[in-house]
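Engineer: Mind having a look at this structure? Questions to follow.
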Amino acid sequence: MPCYRCGARQTDPVRGASPWKRAVRHEAQVLVCPDCQRVHDLDLDTCASCGSIALICRLGEIECRSCGEVRLARADEPLVTAGTPACARMPGLAAEVEAALDRVLGRS
């Protein structure tokens with residue numbers, strides 16, 4: 001999953017904690033790269049109780065990692081329909097996958 005803001009993709013992790021952070025934006029889990037974390041206006045969802053942006057989204061619930069409040073995610077219309085192929089949801093993904101396969105398989 002790329003950074004929601006700049007589209008950067010994670011590289012192979014080094015040992016230790018990842019510098020990438022999980023967050024929630026428009027009721028969906030997103031990743032934020034280390035460079036974008038320095039930006040102050042990330043337009044992320046906040047906790048209604050404590051105002052923290054330390055939220056995680058899982059199984060239709062959004063949990064605040066600061067105060068522990070859990071709420072149901074809104075069941076508005078989905079951002080992506082079930083039949084939409086992954087390459088249409090993530091522009092450039094098909095080209096990245098093709099380039100990675102070419103490298104691994106030794107294609108020119």
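Under UniProt numbering, think of the first position of the sequence shown as 1, with each following residue one higher. Backbone N, C-alpha and C define an ideal beta-carbon position, used for all residues, glycine too. Remember, predicted model here, so these are calculated numbers, not experimental data.
#1: Assuming contact is defined by CB atoms lying nearer than 8 Å, are Asp45 and Leu31 in contact in what I supplied?
#2: Cutting at 7 Å between CB atoms, please list the residues of its own chain near Gln10, excluding the five before and the five after it.
#3: Distance check for Glu69 and Leu59, CA to CA, integer angstroms please.
#4: I'd like the span of the beta strand (DSSP E) that includes Cys64, first residue to last.
#5: Is the beta carbon of Gln37 less than 8 Å from the beta carbon of Cys57?
Structural biologist: Taking the geometry as given:
#1: no
#2: Trp20
#3: 15 Å
#4: 61 to 64
#5: no
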